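Here the protein sequences line up with chains A and B, keeping their order.
All letters in the first sequence, in the order written, are residues 1 to 632 by our numbering.
All letters in the second sequence, in the order written, are residues 633 to 805 by our numbering.
Ideal Cβ positions, reconstructed from N, Cα and C, are used throughout, including at glycine.
Being a predicted model, the structure only gives us computed values, none of them experimental.
Encoded as structure tokens, the structure appears first; notes follow it.
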Amino acid sequence: MTDQPASQLNSDSPITHSGTNPVSASHLSNELKSQLQQNFSAPQIALAELEVPIEIYLSGINGALARQPRMDLITADLVTNVEVSSRWKPHLPKLPTFKLTFPEGIEFVPPKPEVESKGKLRSLKPLEVKLNSKGIKKEAVASEATLGCIVHSGPAFYLLQPPIENWLTGQELVMPFEPFDYQYEGIAWLFSRKSALLADEMGLGKTMQTITAMRLLLRSGQISKVLLICPKPLIPNWQREFATWAEELPVTTVTGDTARRRMIWEMNKPGIYLANYELLVRDFEELEQEGITPRFDLLVLDEAQRIKNRDSRTASTARSVNRKRSWALTGTPIENRAEELASLFEFMEVIPPRGTPDMRQLSRLSDEYILRRCKDLVLDMPPRLDRPAWLELEGAQAHAYKIAEKEGIIQLNDLGDSITVQHVFELVLRLKQISNYDPVTNESAKLDRLRADMEEIAASGGKAILFSQWTKTIDWIEERTQEFNPLVYHGGVPTKKREPILAQFKEDPNAHLLLMSYGTGAVGLNLQFAGYVFLYDRWWNPAIEDQAINRAHRIGQKNPVVVTKFICKDTIEEKIDRVLQEKRDLFISILGAEGNTEASMGLNASEIFGLFDLKARDGDSTREIGPDTLAA
Amino acid sequence: MAALGSKKQLHLGFLSAIEVKDRGYVGGLLVTNHFGRPLEFQCTAPVRPNHTQEVLFGPTLVPYLYNELIGKTLLEKAGVKPDLVLTEDERVLGLREFVNLPVGFLHEGTSACADALRLGQQKVSFHERHPTDRDVLYELGSLVAEETDLFEPFDRVKEALQEALQQNKQRAA
Numbered sequence: 001m002t003d004q005p006a007s008q009l010n011s012d013s014p015i016t017h018s019g020t021n022p023v024s025a026s027h028l029s030n031e032l033k034s035q036l037q038q039n040f041s042a043p044q045i046a047l048a049e050l051e052v053p054i055e056i057y058l059s060g061i062n063g064a065l066a067r068q069p070r071m072d073l074i075t076a077d078l079v080t081n082v083e084v085s086s087r088w089k090p091h092l093p094k095l096p097t098f099k100l101t102f103p104e105g106i107e108f109v110p111p112k113p114e115v116e117s118k119g120k121l122r123s124l125k126p127l128e129v130k131l132n133s134k135g136i137k138k139e140a141v142a143s144e145a146t147l148g149c150i151v152h153s154g155p156a157f158y159l160l161q162p163p164i165e166n167w168l169t170g171q172e173l174v175m176p177f178e179p180f181d182y183q184y185e186g187i188a189w190l191f192s193r194k195s196a197l198l199a200d201e202m203g204l205g206k207t208m209q210t211i212t213a214m215r216l217l218l219r220s221g222q223i224s225k226v227l228l229i230c231p232k233p234l235i236p237n238w239q240r241e242f243a244t245w246a247e248e249l250p251v252t253t254v255t256g257d258t259a260r261r262r263m264i265w266e267m268n269k270p271g272i273y274l275a276n277y278e279l280l281v282r283d284f285e286e287l288e289q290e291g292i293t294p295r296f297d298l299l300v301l302d303e304a305q306r307i308k309n310r311d312s313r314t315a316s317t318a319r320s321v322n323r324k325r326s327w328a329l330t331g332t333p334i335e336n337r338a339e340e341l342a343s344l345f346e347f348m349e350v351i352p353p354r355g356t357p358d359m360r361q362l363s364r365l366s367d368e369y370i371l372r373r374c375k376d377l378v379l380d381m382p383p384r385l386d387r388p389a390w391l392e393l394e395g396a397q398a399h400a401y402k403i404a405e406k407e408g409i410i411q412l413n414d415l416g417d418s419i420t421v422q423h424v425f426e427l428v429l430r431l432k433q434i435s436n437y438d439p440v441t442n443e444s445a446k447l448d449r450l451r452a453d454m455e456e457i458a459a460s461g462g463k464a465i466l467f468s469q470w471t472k473t474i475d476w477i478e479e480r481t482q483e484f485n486p487l488v489y490h491g492g493v494p495t496k497k498r499e500p501i502l503a504q505f506k507e508d509p510n511a512h513l514l515l516m517s518y519g520t521g522a523v524g525l526n527l528q529f530a531g532y533v534f535l536y537d538r539w540w541n542p543a544i545e546d547q548a549i550n551r552a553h554r555i556g557q558k559n560p561v562v563v564t565k566f567i568c569k570d571t572i573e574e575k576i577d578r579v580l581q582e583k584r585d586l587f588i589s590i591l592g593a594e595g596n597t598e599a600s601m602g603l604n605a606s607e608i609f610g611l612f613d614l615k616a617r618d619g620d621s622t623r624e625i626g627p628d629t630l631a632a
Numbered sequence: 633m634a635a636l637g638s639k640k641q642l643h644l645g646f647l648s649a650i651e652v653k654d655r656g657y658v659g660g661l662l663v664t665n666h667f668g669r670p671l672e673f674q675c676t677a678p679v680r681p682n683h684t685q686e687v688l689f690g691p692t693l694v695p696y697l698y699n700e701l702i703g704k705t706l707l708e709k710a711g712v713k714p715d716l717v718l719t720e721d722e723r724v725l726g727l728r729e730f731v732n733l734p735v736g737f738l739h740e741g742t743s744a745c746a747d748a749l750r751l752g753q754q755k756v757s758f759h760e761r762h763p764t765d766r767d768v769l770y771e772l773g774s775l776v777a778e779e780t781d782l783f784e785p786f787d788r789v790k791e792a793l794q795e796a797l798q799q800n801k802q803r804a805a
């Protein structure tokens, strides 16, 4: 339809002010009427019927009203499917999980089924590294990985432990073995004491008595948090003993990096906390600086002679631990001086700080706070047969010894008044080493004797432990006793390898000889399957020697233990042996008659000087030199 | 004195989940022995349903998450399989339809229904379509001492989950 110009309409019509041209229907021209009739034929309505006054406005499109509309036909498909704008289906997404299996649970985890390879080889594909659009390695759900890390290494391990009151709920007090009567007494004695020093002779089961007393205190609700400090090599031993005697008690070993240890110290979770002396000192100094003071109901010091020096950091740190009960365990409460016992009493808080009780007071305190039993009094033990082996140095070894002694004494004398204990000590060590073997010719009277004895022991299927002061000597002996399959256990052996060595010594019938150092092998180890002990050289303190011997001569030993002490005649060893023997009974008055086996002293400065006839030149004459005590 | 302990073991699985604001749901399963000592702990990564899921699942969303998604996954992946799975939420009894392990709803003894069995201080109800699940308690239920509070391990699970999430958040920050 096209537009019709407005001028084609009746131009004579009056035009209103609004621009419209009002006309009456009756005044429509015939031509227009007919045109309208033609175009709008239907409905058939007589125009007369439309005789209504209307006005036609001049809109400019009136002409278009009379034009025929133009119609076009198009075809369209019928829509039969409805479009779905979005779709959602439920599905099970893969959900990552993080697992922490506790040591007690490992035995219940079924082994993974083996995948059958069907004898076919498959090629290995290199690991695919997914990169994002920026070429950066995709972190596979970083937050989830971190979550897993926390579960494995973090506090979840401790948070998931049961509360103290649940540990023993309804449980029987299971003991793997029937305790001896004296052990029952010891347990009851510890149980009832706030301060206690259990000083039973080595091998009587101090560990078991302590664990059981702890267990009873925990069950009765008297304690809930225990800190047990022991030398580092004894940590596995305590873990094993806890598993044996109180499997239900969770033991937390304080170990790991600084952050992990810090977390353990700050935890207020009840339980048994096991740590070594070095960690105690290091960590508590740091904690103290930050004002953190972990609290314990009971502090137990194993091998408590470690705090014999009351001014040492170890002793002062142990005293600073916030605790309600203080127990000390040691087979040698006095190693050198009565003050050592005073240090233990100070830790136990039974004497005031810096208190110096006299011998009478010490004796009275010992009666009240120390429990000590000796094996020969409480057990029907097989005997310990001490057999000093007096040996004579010969040939090159004897010559080397004499030269060293002579030159050494000359050098000491030349030092005059500037001589120190250290100088003498160095000479003693050198002479002891030559007594073990001549480093130039490798001649050794002790080795000859050892080999002779070992042939007999090995032939009878026996096992022997040998102790020496030096790891170098141990390694030297190992090279020369290969026919007895020797095993070495000393400070140079990594901690992780030590337990397997002991296990091999026990189980391997061909391993007849275990070579140990006093420092590493003297305490806490159970080697009662060995019937022979060799002391290749002498330790300064008979108490340490006894501890070493008691590795074999302890509960469970079924046969007499033969102890062979090698002593070279006319050497420094003979003098040391004599001095130590004289000192064995010195402190009987403190610990009573039962204490005489262990109340022994090491060599002090004056005694070391006294091993030699030392003199200093004083003008044309000489005079004796040494510490005041010796001169007096 | 000879060893007096029984060698029988009852492993209990304590299944719980927490909802964390803006993080979704995290599930945890603690498997203990009958003394309550932990043997294994597992937790899931956070599951966060989107709005469509919330609308379409409606009231069935939580049972779906707890049972089909969290509970089923945790039990499938458990190394130490529990003899009985315990839950504090009755809706989780539906988990039994998806796993082949007895599932018990733990509740206070006073509010117990008639056929519930006593375990420790509480009572346990089982899925009605799995009546033989009760046999595990007939056989081993006596290992759990009467004074044992079996709600307590659920606190441990929740505490461990909260701690893990909190640490995770701190590390992420």
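In this structure, DSSP gives residue 254 of chain A a state outside helix and strand, which the three-state scheme calls coil. Residue burial is scored here from C-beta neighbours: residue 440 of chain A has fewer than 16 other C-beta atoms within 10 angstroms and is therefore classed as exposed. Closest in C-alpha terms to residue 539 of chain A, from the list A:468, A:491, A:515, comes A:468.
In the structure shown, the three-state DSSP call for residue 413 of chain A is helix. Cβ contact annotation for residue 415 of chain A (same chain, cutoff 7 angstroms, sequence separation greater than five): 423, in chain order. Comparing alpha carbon positions, the residue from A:35, A:412, A:272, A:229 closest to residue 218 of chain A is A:272. Looking at B:656, B:734, B:669, B:736, the one whose alpha-carbon comes closest to that of residue 780 of chain B is B:669. Judged by DSSP secondary structure, residue 765 of chain B falls outside any beta strand (DSSP E); it is assigned neither H nor E. Contact annotation: the segment 246-263 of chain A does not touch the segment 188-205 of chain A, with fewer than three C-beta pairs closer than 8 angstroms.
In the DSSP assignment, residue 338 of chain A falls within the unbroken alpha helix (DSSP H) covering 338-347. Scanning chain A for C-beta atoms nearer than 8 angstroms to the C-beta of residue 736 of chain B yields nothing, as the closest lies near 19 angstroms away.
The continuous beta strand (DSSP E) containing residue 739 of chain B extends over residues 735-740.
Within the segment 648-721 of chain B, the complete beta strand (DSSP E) segments of 3 residues or longer fall at 656-664, 670-676, 716-719, listed in chain order. In this structure, residue 490 of chain A places its C-beta atom within 7 angstroms of the C-beta atom of residue 474 of chain A. The Cβ atoms of residue 728 of chain B and residue 759 of chain B sit closer than 7 angstroms to each other.
By the 16-neighbour rule on beta-carbons within 10 angstroms, residue 452 of chain A is exposed. Classified as exposed, residue 359 of chain A has fewer than 16 neighbouring CB atoms from the shown chains inside 10 Å of its CB.
Secondary-structure assignment with DSSP links residue 532 of chain A through a beta bridge to A:464, A:562. Contacts with chain A at 7 angstroms (Cβ-Cβ) do not include residue 649 of chain B.
Annotation for residue 195 of chain A: no alpha helix (DSSP H) segment contains it, though the beta strand (DSSP E) segment containing it runs 195-198. Boundaries of the alpha helix (DSSP H) harbouring residue 186 of chain A: 181-191, taken from the DSSP string. Close partners of residue 109 of chain A in chain B (Cβ separation under 7 angstroms): 711, 712. Taking a C-beta distance under 7 angstroms as the contact criterion, residue 329 of chain A and residue 206 of chain A qualify as a contact pair. Counting only residues of its own chain and dropping the five nearest sequence neighbours on each side, residue 529 of chain A has a CB closer than 7 angstroms to the CB of 463, 506. At least one C-beta of chain A is nearer than 7 angstroms to the C-beta of residue 705 of chain B. Listed in chain order, the positions of the segment 241-272 of chain A with a beta carbon within less than 9 angstroms of a beta carbon of chain B are 247, 248, 250. At a cut-off of 7 angstroms between beta carbons, residue 670 of chain B contacts chain A.
CA-CA distance, residue 32 of chain A to residue 39 of chain A, rounds to 10 angstroms. Counting C-beta atoms within 10 angstroms of its own C-beta, residue 796 of chain B has 16 or more neighbours from the protein chains shown and is therefore classed as buried. If you draw a straight line from the Cα of residue 407 of chain A to the Cα of residue 430 of chain A, it comes to about 12 angstroms.
In the structure shown, the three-state DSSP call for residue 175 of chain A is coil. Contacts with chain A at 7 angstroms (Cβ-Cβ) do not include residue 769 of chain B. If you draw a 10 Å sphere on the C-beta of residue 327 of chain A, you find 16 or more other C-beta atoms in it, and that means buried. In this structure residue 782 of chain B is not in contact with residue 799 of chain B, their Cβ atoms being roughly 27 angstroms apart against a cut-off of 8 angstroms.
Residue 716 of chain B sits close to residue 736 of chain B, with the two beta carbons spaced by under 7 angstroms.
At a cut-off of 7 angstroms, the C-beta of residue 788 of chain B has a neighbouring C-beta in chain A.
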